[in-house]
Each structure stands twice: as C-alpha cells, then as structure tokens.
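J.: In our numbering, the protein residues as written are 1 to 280. Here a beta-carbon is modelled for each residue, glycine too, at the ideal position from N, C-alpha and C.
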Amino acid sequence: MSWFIRKEKGINTPTEMKREAPDGLWYQCSNCKKITPTREHKQNAYTCPHCNYHEKVGSDVYFNLLFDDNEFIELDENLTSGDPLHFVDTKAYPDRIKSTMQKTGLKDAVRTGHGKMNGLNIVIACMDFNFIGGSMGSVVGEKIARAISYSLEHKSPFLMISKSGGARMMEAGFSLMQMAKTSARLAQLSDAKVPYISLLTDPTTGGVTASYAMLGDFNISEPEALIGFAGPRVIRETIGKDLPKGFQSAEFVLEHGFLDFIVDRKDLKDKLTSLLTMLR
1 MSWFIRKEKG INTPTEMKRE APDGLWYQCS NCKKITPTRE HKQNAYTCPH CNYHEKVGSD
61 VYFNLLFDDN EFIELDENLT SGDPLHFVDT KAYPDRIKST MQKTGLKDAV RTGHGKMNGL
121 NIVIACMDFN FIGGSMGSVV GEKIARAISY SLEHKSPFLM ISKSGGARMM EAGFSLMQMA
181 KTSARLAQLS DAKVPYISLL TDPTTGGVTA SYAMLGDFNI SEPEALIGFA GPRVIRETIG
241 KDLPKGFQSA EFVLEHGFLD FIVDRKDLKD KLTSLLTMLR
C-alpha cells in the first residue's frame with residue numbers, strides 16, 4: 001500500500017497547471033443571498049429566480065428588453081452637461097462629469113430613443129442610476145423634453161422609465177426648473193391625446209417623483225421599488241412618528257392609489273404592448 005501513502009506534504013502544482021473558475025459565472029442575489037448562474041439571471045431579465053428580487057439595471061438592459069431585436073434610434077446621444085454655477089465640492093463639477101462618463105460609458109443620467117416594441121412605434125426615455133445617482137440635471141430635463149416633442153410630432157406613445165435620487169445639487173435652480181419644463185411638455189402630450197406611461201423603478205425619489213414620474217396616463221412600477229419624495233428617515237424625523245411597515249414601497253404606494261399596477265420586469269414588454277393596443 002506504499003503507493004497510497006503521500007510521501008510529500010502539500011500539493012505542489014505548477015501555477016500554469018492550476019484551473020480557476022472565471023469571474024462572472026455566478027450571481028449572488030443581494031436579497032435572498034442564493035446563487036444563480038449569471039446566464040440564467042440575465043435570461044430572467046436580471047430578476048432572481050428564487051425570490052424575484054429585481055436587480056437595479058440601466059438603460060442598456062431596458063432598451064434590449066423592450067425594443068424589438070434591440071433596434072432603435074437614439075435621440076440627442078451627445079448632449080452633455082455644462083457648468084452654469086461653476087460648482088465645486090470635493091472636485092469641480094466638470095471633472096466629476098468627465099470621470100463619471102469614463103466610468104459608466106454614459107453621457108448623462110438619461111438616454112432616449114425610438115423604435116418598435118412588438119411592432120408598435122414607441123419613444124422611450126430611460127434613466128441610469130449609475131450616473132451621479134440618476135440625478136436630474138439640465139441635460140436630463142432637456143433630453144426628456146425633446147423626446148416628448150418627438151413623441152408629440154410623430155404621435156408615438158411615450159414611455160418614461162425613472163430611476164433617480166432626485167435633483168442634481170450641482171445645478172441647483174437649473175435642476176429644479178426641469179420639473180416645470182418636462183411637466184409643461186407632458187401637458188402638451190396630454191392635450192394631443194398621445195399616451196404617456198410612467199414606469200417607476202427602484203429608487204424613484206425627489207424632484208423626479210414630484211414631476212414627470214407621477215404624471216403618466218398610467219403610472220406603473222416594478223415590484224418592491226422605493227417610491228417617494230423625501231427619504232423615510234427625513235419624514236420620520238419631521239413628523240416625529242414611526243412609519244407604517246413597507247412605507248414607500250411600490251406595494252404600499254399601489255395600495256394608497258398612486259399607482260395603477262405593478263408589473264414584473266419579465267412581463268413588461270407584453271404588458272405594455274397589451275396596454276398600448278387597447279389605447280389605439
């Protein structure tokens with residue numbers, strides 16, 4: 001049995017012979033902590049197959065999910081922020097914009113485009129939380145306003161996908177004015193009887209909630225999305241009372257009449273198609 005006895009301690013395997021699992025093969029849900037193959041998670045529209053937790057995703061995922069064969073024409077793709085207030089905090093605002101653009105590959109916190117969704121014409125504006133918290137600056141307001149104008153001109157339904165921490169502090173009053181600008185343009189869309197659907201995703205807060213996110217002909221949401229104006233801690237400290245369980249969740253907001261329905265991301269395209277078909 002001498003062949004069964006290890007004469008040397010340890011396992012001496014040359015580095016070039018070692019095999020390691022490549023990064024990115026597995027996804028761990030941040031909610032239930034269970035493991036899923038990354039490919040399955042992606043095929044499941046970035047929702048957990050165990051608990052249905054909806055992972056935060058950006059415009060590239062939504063455009064791929066909604067536009068037929070991911071074919072669309074992007075609007076105003078090169079529009080970028082200026083520095084009207086010469087704002088500086090830990091770094092100058094232009095430097096922050098530049099570094100964020102390099103990190104995310106985005107020009108600002110919203111992308112807009114038009115194309116077909118199950119054969120129906122649609123204009124979509126989708127926010128990206130990775131770009132300075134999806135904050136609403138002048139470019140965000142301008143791109144949304146222009147997308148609404150395109151929708152109005154071509155009589156195509158408009159879908160707004162919101163995901164934002166609110167107004168962009170680096171632009172102060174310029175940021176807040178985007179609430180009025182986008183709301184006024186949406187009023188024109190309403191007068192023309194062109195459908196507007198607002199999809200609120202996690203999180204939708206601040207000035208975005210106080211303007212275009214809540215002005216849809218249909219206001220819908222993904223499951224368990226955080227929806228509100230001020231954060232729960234601020235509200236709790238202001239009113240001096242504990243907040244109800246599930247406060248500001250999509251389910252709570254639906255129960256209190258501020259949403260029309262909640263839709264699973266996997267069903268989003270079919271649900272939107274059915275809704276727009278009924279409105280034609």
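Is it buried or exposed, Gly-219, if we count other Cβ atoms within 10 angstroms and call 16 or more buried?
T.: In the sequence as displayed, the identity of residue 219 is Asn instead of Gly. Counting Cβ neighbours within 10 Å, Asn-219 comes out buried, since at least 16 surround it.
J.: Give me the Cα-Cα distance between Gly-82 and Lys-98, rounded to the nearest whole angstrom.
T.: In a straight line, the C-alpha of Gly-82 is about 11 Å away from that of Lys-98.
J.: Spatial neighbours of Met-170 within its chain, please: C-beta separation below 6 Å, excluding the five flanking residues on both sides.
T.: Cβ neighbours of Met-170 beyond the five flanking positions: Phe-87, Tyr-93.
J.: Roughly how many whole angstroms lie between the Cα atoms of Ala-109 and Ala-145?
T.: Ala-109 and Ala-145: Cα-Cα distance of roughly 14 Å.
J.: State the beta-bridge partners of Tyr-27 as determined by DSSP.
T.: Answer is Thr-36.
J.: Between the Cα of Glu-224 and the Cα atoms of Val-253, Tyr-196, Met-136, which residue gives the shortest distance?
T.: Of the listed residues, the one whose Cα sits closest to Glu-224 is Val-253.
J.: In the DSSP assignment, find the alpha helix (DSSP H) that holds Val-263 and state where it starts and stops.
T.: No alpha helix (DSSP H) contains Val-263, which DSSP labels as neither H nor E.
J.: Less than 7 Å between the beta carbons of Leu-66 and Met-117, yes or no?
T.: In contact: Leu-66 and Met-117 (Cβ atoms closer than 7 Å).
J.: Indicate whether Gln-248 and Ile-262 have their beta-carbon atoms separated by less than 7 Å.
T.: Cβ distance not < 7 Å, so Gln-248 and Ile-262 don't count as in contact.
J.: Are Met-136 and Val-208 touching if we call contact CB-CB under 7 Å?
T.: Yes, these two residues count as a Cβ contact at 7 Å.
J.: Tell me where the beta strand (DSSP E) around His-114 begins and ends.
T.: Counting along the chain, the beta strand (DSSP E) containing His-114 begins and ends at 110-117.
J.: Report yes if the C-beta distance between Thr-211 and Met-179 is below 7 Å; otherwise report no.
T.: Checking the sequence shown, residue 211 turns out to be Ser, not Thr. Yes, the pair counts as a contact, with Cβ atoms nearer than the cut-off.
J.: As a quick exercise: from Ser-149, Cys-51, His-154, pick the residue whose alpha carbon is nearest that of Leu-186.
T.: Ranking Ser-149, Cys-51, His-154 by Cα distance to Leu-186 puts Ser-149 first.
J.: Taking just the CA atoms, how far does Asp-264 sit from Pro-157?
T.: Using only the alpha carbons, I get a separation of about 21 Å.
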